[in-house]
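Here the structure is laid out as structure tokens; the discussion comes afterwards.
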Amino acid sequence: MATETLTIGKALNLGLRKAMEDDAKVLLMGEDIGKLGGVFRITDGLQKDFGEARVVDTPLAEAGILGTAVGLAMRGYRPVCEIQFDGFVFPAYNQIVTQVAKMHARSRGKLPMPVVIRIPFGGGIGAVEHHSESPEAYFAHTAGLKVVAVSNPVDAYWGIQQAIACPDPIVFLEPKRRYWEKAEVDLDATADPLFASRVVRGGDDVTVLAYGPMVKTALQAAEAAAEEGRSLEVVDLRTVSPLDLEPVFESVRRTGRCVVVHEAPVTLGLGAEIAARVTETCFHSLEAPVLRVGGYDTPYPPSKLEEEYLPDLDRVLDAVDRSMGF
Amino acid sequence: MATETLTIGKALNLGLRKAMEDDAKVLLMGEDIGKLGGVFRITDGLQKDFGEARVVDTPLAEAGILGTAVGLAMRGYRPVCEIQFDGFVFPAYNQIVTQVAKMHARSRGKLPMPVVIRIPFGGGIGAVEHHSESPEAYFAHTAGLKVVAVSNPVDAYWGIQQAIACPDPIVFLEPKRRYWEKAEVDLDATADPLFASRVVRGGDDVTVLAYGPMVKTALQAAEAAAEEGRSLEVVDLRTVSPLDLEPVFESVRRTGRCVVVHEAPVTLGLGAEIAARVTETCFHSLEAPVLRVGGYDTPYPPSKLEEEYLPDLDRVLDAVDRSMGF
Amino acid sequence: MTAKTSTTEMVDPVPGAAAPHLPQRTELVQLLTPEGDRVEHPDYSLDISGDELRSLYRDLALVRRWDLEATALQRQGELGIWASLLGQEAAQIGAGRAMAESDMAFPTYREHGVAWTRGVDPLHVISLFRGVDNGGWDPVATGFNLYTVVIGAQTLHATGYAMGLQRDGAESAALAFLGDGATSQGEVNEAMIWAASFSAPVVFFCQNNQYAISVPLERQSRVPLYQRAAGFGFPGVRVDGNDVLAVLAVTKAALAAAREGQGPTFIEAFTYRMGAHTTSDDPTRYRLASELEEWKLRDPIARLKAHLSRGGVADTAFFTGIEAEADELAARIRSGTLEMPDPAPAAMFDFVYAEQTPQLAQQRADFVQYHASFEEGEH
Amino acid sequence: MTAKTSTTEMVDPVPGAAAPHLPQRTELVQLLTPEGDRVEHPDYSLDISGDELRSLYRDLALVRRWDLEATALQRQGELGIWASLLGQEAAQIGAGRAMAESDMAFPTYREHGVAWTRGVDPLHVISLFRGVDNGGWDPVATGFNLYTVVIGAQTLHATGYAMGLQRDGAESAALAFLGDGATSQGEVNEAMIWAASFSAPVVFFCQNNQYAISVPLERQSRVPLYQRAAGFGFPGVRVDGNDVLAVLAVTKAALAAAREGQGPTFIEAFTYRMGAHTTSDDPTRYRLASELEEWKLRDPIARLKAHLSRGGVADTAFFTGIEAEADELAARIRSGTLEMPDPAPAAMFDFVYAEQTPQLAQQRADFVQYHASFEEGEH
Ligand SMILES: Cc1ncc(C[n+]2csc(CCOP(=O)(O)OP(=O)(O)O)c2C)c(N)n1
Ligand SMILES: Cc1ncc(C[n+]2csc(CCOP(=O)(O)OP(=O)(O)O)c2C)c(N)n1
Ligand SMILES: [Mg+2]
Ligand SMILES: [Mg+2]
């Protein structure tokens, strides 16, 4: 059994390599992904091994990356596009929303768009503006896209391969501040399905939902809560579009309480959708309204303030307290 | 008292004219807004009267429109940008989200952005793709923007002037299929505040929320419900960011039931945010979960299907039934 | 609030100011004068048979008839909108006929003439404007991509497709259509930058029909559009877009160069939109009738007809035959449109994803049930 | 699924293929050779006093010292990141000094040299990289816009600002900075299109430092960048970016033309990023050390120093004086950075809107209360 200790970054790198080996139509596109291996080194060594035709250092133009990816997909390729940072995806927004997302429907299946849009997302790395955004809601509100947010090396390794194999366009969000988190990855195991949430810690008092970088935060909160005798069930949503809420409903029916955590601003963040759906489905089981812990409705602040802006263990526990207090 | 019967379109035209007369720094920018008067004729006659320097037919480039608007605003102008159709705002998305929305915060007040982005939005006009979208959630999720959606000639006339006078950037959504709806407008009256919702029909059984084109639909539903002895309270939200929910909370505390209606896809549409907040604030008053009636989570369909896609009177009543059935 | 304001007096800016430092001489490639006389061009020769000439004429005449019939159908309420190609037939037929079967076209929303040359059924195109479909035909089988309504987006698709051709070692090219207005879109300029950077086998075919809806060319560029290409490092050429022979020759040459690995070319087909932008438009608001009259003298179909007649390549019988064929086509388009079935309501859920999501499957099921409830009279 | 596939063999595409149809001769405006000799240029003359020359040298030397100190501070963990201007001092000081007080600069994130010429306090610039502020200085008072991190976005702001100047009848111009990589962004090309269309008084100043992070210029353009402008209908010029005198002369001329209503100019300042892209970057992964060695021979400061010394314009005392001033500056930057207060937490709520929303006011209040609860030991 080939088990390796991998960081999320390295797991992605290996996953990309595996996908490229498995399918000659997979190609990577992005700014600085070649010799440099990407600013986070996720594509390290791949251009050397697969050549410039398959690991393409592009001109500095995000619309160009996504627009040409559409054409490549029409020609049978499976482009994996790296957007260097979350805040730089917006020049490509038109191509993503009006073309990538809609092409399969427009062509009634004649033009599938197996395009993966890799985005290192979220804050906490002490960066300047536009390097710490959480744009997932913009994509999850867009029909035709699927949106994945991994939280750990195992899901990173398998998830990127599954995303590439998927015939639909996927926004693949990588928790940049967790790139260096390590775990054992069994490279021979069978992967969990990509579009399924997962209960990562059992509990009885409150159901806490998170994805991407906030899963670790939620688990830390659960740990701390346990010390005070409070039992939190933590669910890693893993995919935020489509949402797999059956396990959540099941959990909330037991706990009667639910807290959603994400870095994106609260207003119209994923928490809004989840709150609406959990409430609709579990109305009679809820002892308290679904509470949301997220970024404030402000631009991402200068990094000296990001610890205040980002949800942390204490803010999750505060929401748990408020939920219990209802 | 100068009262005139105006369509929404004409009210906007007069409101723009008034704003340009009142403030020489107001200028209009957009594709075909000059001689043609815009594809919906909202700017009809304005270039003739105010000249090409103040009613600017732009090159065909939406990022250009918004990006130069930023520079003009820095120079003390108040640009009013017309985006020809909702589906064509995305090339400008980068400028809107990373620049227009953030400039005031970035400069800590030194660079206000009194930019108005006028967008005819929504479906129901039998158009081809990209002409019937409802992108409001994308903007309402973006800190730094305000988002207004008018539903009638009175609010159109005053709202556009208030939006232009506002020092913050405003996405001003015009219900294109209602452009030809008429009402009496008192040109001398005092305007209601822009960022306030309004109860447009009193009722006791269910609170129905809508904005833009769906206000009429909600009122029709209330009419039909009344015939069956059911009393719906209808609230026109008027502004979707910031949301003015106090009147809604007050209403829901009385009715115990709430239905939100919009054309945008349900998932992560405004209904999600409203459901989350109404539930949080009125938890103990709710007899049923907040229900949402919206577009399906599909691309906007070809126009032969749009009547199936768009919420109508029957779908609102169906939701009311379901709410009552809880 | 205002940085370094001085006076606030309004001065009308001077758009389209002359750029005297640039060569203003523009060479228009022409093989057929407006009067129908064949002329030679040093760079572009064309050896063409009588059969081919007649078949070009047939294409021109039939797409014009299709276009007129569609406009009529729209007026009668049968189509939501129609974007007429009137006046641009030669540009489109010339470009379309220059393509090899394995080439791929990336049209805007107006390339009905190109569609015709790719064997796309006119009724499939009409289904889009009738609101029956957002696509309408098989882009893979026809080598003719779906119409792209968002201005310019398709130029990047064409470039990416060309990069795919390159990687496949295919001897084919992509042909990207765009309008004069589209040249102002950032994405279009990015497409040219990418095409140059990767030496991609893509040809940009710009129909400069002088207007972007109401906005005249001068607002988009103060120098001839074909000159844009040199700035990106590849050749640009201006061709008489109302001369089907010149368009054919220039496009053939550009496609051949692309297929041979010489990279992109930008073709500016100088033409005129003789009709309204679409049936929703009213051009009297922004242009003089006299302008149209001038351009009528350069009508692309009349020009070829004159050439055919004068040279004895076609006789009255031929033209009458084409007329009859056009009548038949128009009748088929009319009846086909009227008989076109509406799409099934639940169809809107079906191709959103290649792998349907449980969430959307549920929405679909609820939708079907909701509809059934009406039939059952539940509501 | 694949349209008209032929073979799927992989062939590496040929990027940056030659474009033999285009003039490849590029004229580099130079007034000072790399050895420090003054040369004449037919189009750009410069009459400059000894005082001015010395003051240019002072600017170059001080911004380099500022830059080195900032890099050191970053290495010591005092800044989150630093984008060094090393090697680009002449381009930036030349451009900045060419501006009139009422002109407005629109920088990227690297124009510390221009900031310096506009009187922006280095500590204000540093506050951005320390994560204390997303802006940092007063763009209105300084005529120096805030840094723009999203590549290219500022070029449209500059163009719009220039349209405002035009409407005000102001005799001022906007100076938009951009990198070589930025020329590939759609928005940058749109800015040039707009500038041309409205004949706006804006000058595009592109520092071609040969790289966009790791990506060499060839990926962005296969012809010299200054040639891009001609395609949009306005002049482009390439200047030796390591020659402060040439940059000064060329930029002055372009700004003067803009102020006089002659519209935009594109300046390509040919230079080299001698350091890493930012302190997070590792250039050894993508370029050879020998390249840097070559460019060191063209060092912009050494060049002016040679000129000053050789011509007797400055003596050792002068250079020693500048050294001392640089030491002082570095010390002030260091202590100022270390003493820089963190922003108040609740500040992030305060300028989101000019008119605060009730919703955000509530969030702010909750935030303040939540924080207070910690101090009260509630948690
Ligand atoms: C991104 C975008 N913005 C605006 C529009 C609305 N629109 C449709 S056609 C058109 C003009 C296009 O002009 P041109 O490129 O010259 O093509 P033509 O219609 O003349 O063939 C405009 C502005 C659009 N379709 N897409
Ligand atoms: C829209 C956007 N995409 C990507 C980035 C990330 N990024 C920052 S600097 C840079 C390279 C810029 O190169 P160039 O324009 O040559 O300027 P230089 O850094 O060399 O001064 C990139 C890709 C960004 N800031 N904005
Ligand atoms: Mg046109
Ligand atoms: Mg560079």
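Chains as they are written, first to last, in the numbering used here: chain G, 7 to 332; chain U, 7 to 332; chain H, 1153 to 1531; chain C, 1153 to 1531.
Think of the CB as a built atom: it goes at the ideal place given N, C-alpha and C, for glycine as much as any other residue.
Which of helix, strand or coil DSSP assigns to residue i
i       : result
T9/G    : strand
Y83/U   : coil
A1325/H : coil
G1331/H : strand
R1516/C : helix
V275/G  : It is Gly, not Val, that sits at residue 275/G in the sequence shown. Three-state DSSP puts G275/G in coil, outside helix and strand.
F91/U   : coil
M330/G  : helix
A107/U  : coil
D28/G   : helix
For residue i, the first and last residue of its enclosing alpha helix (DSSP H)
i       : result
D303/U  : It is not in any alpha helix (DSSP H) - D303/U carries neither H nor E in the DSSP assignment.
I1485/C : T1468 to E1491
K54/G   : L52 to F56
E1241/C : E1241 to A1250
A1348/C : G1338 to F1350
V221/U  : M220 to E233
Residue interval of the beta strand (DSSP E) (run including residue i)
i       : result
Q1359/C : V1354 to N1360
T1307/C : Counting along the chain, T1307/C falls outside any beta strand (DSSP E), though it belongs to the alpha helix (DSSP H) covering A1305 to D1320.
R1390/C : G1388 to D1392
E269/U  : C264 to P271
F1422/H : T1417 to F1422
is_contact[residue i, chain A] using C-beta, thresh 8 Å
i      : result
R204/U : In the displayed structure, chain A is absent; the protein chains listed are G, U, H and C.
Contact check, residue i vs residue j, beta carbons under 8 Å
i       : j       : result
R1319/C : A59/U   : yes
G43/U   : G51/U   : yes
P1497/H : L311/U  : yes
G1388/H : A1398/H : no
K1457/H : Y1209/H : yes
P1274/H : W1218/H : yes
R1262/H : H1459/H : no
Q1372/H : I1474/C : no
P1259/H : N1286/H : no
G1232/H : R1282/H : yes
Y185/U  : H268/U  : no
L34/G   : G1316/H : no
S1342/C : G1338/H : Sequence inspection shows Glu at residue 1342/C; the Ser mentioned does not correspond to that position. Contact: yes.
A1478/C : L1214/C : yes
Closer than 7 Å at the beta carbon, the chain C residues around residue i
i      : result
A149/U : V1504
Contact set between residue i and chain U, taken where Cβ atoms lie within less than 8 Å
i      : result
R183/G : In chain order: nothing, as chain U lies at least about 21 Å away.
Residues that residue i contacts on chain G, provided the C-beta gap is smaller than 7 Å
i      : result
K108/U : P305
Problem set entry | Contacting positions in the region 120-146 of chain G - beta carbon closer than 7 Å to chain C | G132, A133, V134, E135 and H136
Problem set entry | chain C contacts from the region 153-172 of chain U (Cβ-Cβ distance under 8 Å) | C172
Problem set entry | Interface positions of the region 72-84 of chain G facing chain U (Cβ-Cβ less than 8 Å), listed along the chain | none
Exercise. Which residues, in order along the region 247-274 of chain G, keep a beta-carbon less than 7 Å from a beta-carbon of chain U?
Worked result: P271, T273 and L274
For this session: Residues of the region 1480-1496 of chain H with a CB closer than 7 Å to any CB of chain U: list them in chain order, please.
Result: D1494 and P1495
Exercise. Between the region 1378-1399 of chain C and chain H, which residues of the former have a C-beta closer than 9 Å to a C-beta of the latter?
Worked result: Q1379, R1380, A1381, A1382, G1383, F1384, G1385, F1386, P1387 and G1388
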